[in-house]
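Encoded as structure tokens, the structure appears first; notes follow it.
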Amino acid sequence: MAVIGKRFRKHHTRAKLHPAAIVAICLAAAVLLTVLTGNLLRLWLDDETYARLTRGEEESAELPVGADAKVRKINAYPFVLGDNVESAGGVPAVSVNLNSPLDGSMAYVSDTTAYYGLAGNEKVRLHESFAELSVYTPYISGVFYPQVFSDPLPDLIYAKGAQEAALLREFSRAGGSEIVLCGLPINESDISAVCEYVSLVSHAVGDTPVGVAVSVLDPALDEKWECLARLEQVCDFFVLDLRGAELDPEDIDDAGISSTAEALMKDCSYYFTAYSMRPMLSRSQVGLLSTLEARVYPNYQVLAD
Numbered sequence: 000m001a002v003i004g005k006r007f008r009k010h011h012t013r014a015k016l017h018p019a020a021i022v023a024i025c026l027a028a029a030v031l032l033t034v035l036t037g038n039l040l041r042l043w044l045d046d047e048t049y050a051r052l053t054r055g056e057e058e059s060a061e062l063p064v065g066a067d068a069k070v071r072k073i074n075a076y077p078f079v080l081g082d083n084v085e086s087a088g089g090v091p092a093v094s095v096n097l098n099s100p101l102d103g104s105m106a107y108v109s110d111t112t113a114y115y116g117l118a119g120n121e122k123v124r125l126h127e128s129f130a131e132l133s134v135y136t137p138y139i140s141g142v143f144y145p146q147v148f149s150d151p152l153p154d155l156i157y158a159k160g161a162q163e164a165a166l167l168r169e170f171s172r173a174g175g176s177e178i179v180l181c182g183l184p185i186n187e188s189d190i191s192a193v194c195e196y197v198s199l200v201s202h203a204v205g206d207t208p209v210g211v212a213v214s215v216l217d218p219a220l221d222e223k224w225e226c227l228a229r230l231e232q233v234c235d236f237f238v239l240d241l242r243g244a245e246l247d248p249e250d251i252d253d254a255g256i257s258s259t260a261e262a263l264m265k266d267c268s269y270y271f272t273a274y275s276m277r278p279m280l281s282r283s284q285v286g287l288l289s290t291l292e293a294r295v296y297p298n299y300q301v302l303a304d
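The sequence shown: position 13 = 12 (numbering that gives the first Met the number 0), numbered continuously.
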């Protein structure tokens with residue numbers, strides 16, 4: 000009887016699962032649980048939260064920067080001639096308005112302004128002011144608003160152009176590092192005269208780089224590629240003037256980044272990459288400036304309001 004019992008128990012004992020089968024079952028269960036959890040998360044969570052949980056926090060794409068600029072990249076901050084020069088200490092470069100965009104009156108007086116009888120700020124003498132300013136900052140970008148195209152006659156345009164070229168030559172010799180020409184009429188009817196003017200200024204100032212500012216507010220800017228191509232042959236660099244662009248003043252996060260400012264920069268990416276344009280902004284565009292600083296943007300210029 001004992002032998003029969005042993006045989007009976009041996010015959011009815013269940014076979015053990017192979018280790019590989021156990022691993023396969025566990026893997027199948029894990030996959031099933033993952034799929035089920037993912038489907039439940041999609042049902043319970045909104046798309047943005049689901050994306051953060053599944054992909055993690057995504058870093059913002061880098062802002063577009065021109066790679067082939069002919070002049071050095073700078074971060075220039077506004078300085079008003081006549082202010083305490085010590086306020087320019089600690090910044091890599093400064094932007095200085097050389098004349099008024101409204102009436103062309105000069106921000107200083109000099110031998111050249113006296114020779115031409117031009118109105119200027121009597122409290123500021125060009126050479127003395129720049130000698131003091133250069134002690135505190137190594138790079139001075141002079142922003143100039145040409146008045147030459149306010150004259151209708153070609154001979155007067157040439158005469159006024161020669162006068163302004165002489166003023167900018169004096170600025171260069173006083174210690175100016177570069178010149179930015181703002182407000183030029185960039186259109187098909189005036190482009191030949193504008194190119195002649197830029198060439199005249201460039202010849203007068205020698206090795207000092209001459210740049211041309213292009214306004215982002217120009218509604219026909221996208222159609223002016225031929226004008227830009229011609230200007231590119233006579234100027235050293237371009238500046239994209241972003242002053243006046245609409246930005247949400249309250250759209251600034253704790254890191255100092257404005258999403259509307261980032262959107263503006265990305266909308267203008269073609270001009271930054273194709274022409275290596277330097278963004279120009281006003282001091283009042285706080286969100287744009289803080290975004291460029293937070294992103295460690297390598298090339299921008301800020302002007303006083």
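Quick reminder that beta carbons are idealized off the backbone N, C-alpha and C, glycines included.
Helix, strand or coil at residue i according to DSSP, with G and I counted as helix
i       : result
Thr-12  : Residue confidence is low: Thr-12 scores 49 on pLDDT, short of 50, so the model does not pin down where it sits. Its coordinate-derived value is still stated next. Three-state DSSP puts Thr-12 in coil, outside helix and strand.
Val-295 : coil
Asp-266 : helix
Arg-277 : strand
Leu-230 : helix
Leu-167 : helix
Phe-236 : strand
Gln-300 : strand
Val-328 : This structure cannot speak to residue 328, because the chain is shown only from 0 to 304.
Ile-251 : coil
Ala-219 : coil
Ser-94  : strand
Val-285 : helix
Ala-50  : Note on Ala-50: pLDDT 46, under 50, position unreliable in the model; no value is reported.
Glu-177 : strand
Ala-66  : coil
Arg-172 : helix
Ile-190 : helix
Ser-86  : helix
Leu-246 : coil
Leu-183 : coil
Pairwise C-alpha distance: residue j and residue i
i       : j       : result
Asp-247 : Thr-259 : 7 Å
Asp-253 : Thr-290 : 11 Å
Gly-55  : Pro-297 : Any reading at Gly-55 must be qualified, since the residue scores a pLDDT of 44, below 50, and its modelled position is unreliable; no value is offered.
Phe-236 : Ser-275 : 8 Å
Gly-88  : Ala-203 : 30 Å
Leu-125 : Ser-268 : 37 Å
Asn-186 : Leu-216 : 14 Å
Glu-222 : Ala-106 : 35 Å
Cys-181 : Gly-205 : 20 Å
Gly-116 : Ser-109 : 10 Å
Pro-100 : Tyr-144 : 6 Å
Tyr-157 : Ser-257 : 45 Å
Asp-82  : Glu-131 : 11 Å
Asn-74  : Glu-127 : 24 Å
Ile-190 : Cys-234 : 13 Å
Val-147 : Val-64  : 32 Å
Arg-277 : Leu-183 : 17 Å
CB-CB length for residue i against residue j, believed under 8 Å
i       : j       : result
Tyr-135 : Val-84  : 5 Å
Met-279 : Leu-239 : 7 Å
Leu-167 : Val-200 : 6 Å
Ala-118 : Ser-104 : 5 Å
Ala-244 : Leu-263 : 6 Å
Tyr-76  : Val-301 : 5 Å
Leu-97  : Gly-160 : Between Gly-160 and Leu-97 the Cβ distance is about 16 Å, and since that is not below 8 Å, they are no contact.
Any non-hydrogen atom of the ligand ADP closer than 8 Å to residue i Cβ
i       : result
Glu-245 : Among the components modelled here there is no ligand, and therefore nothing to report on the ligand ADP.
Residues sharing a beta bridge with residue i, DSSP
i      : result
Tyr-76 : Val-93
Which runs of the beta strand (DSSP E) at least 3 residues long sit entirely within the stretch 96 to 160? Give them in chain order. 139 to 143
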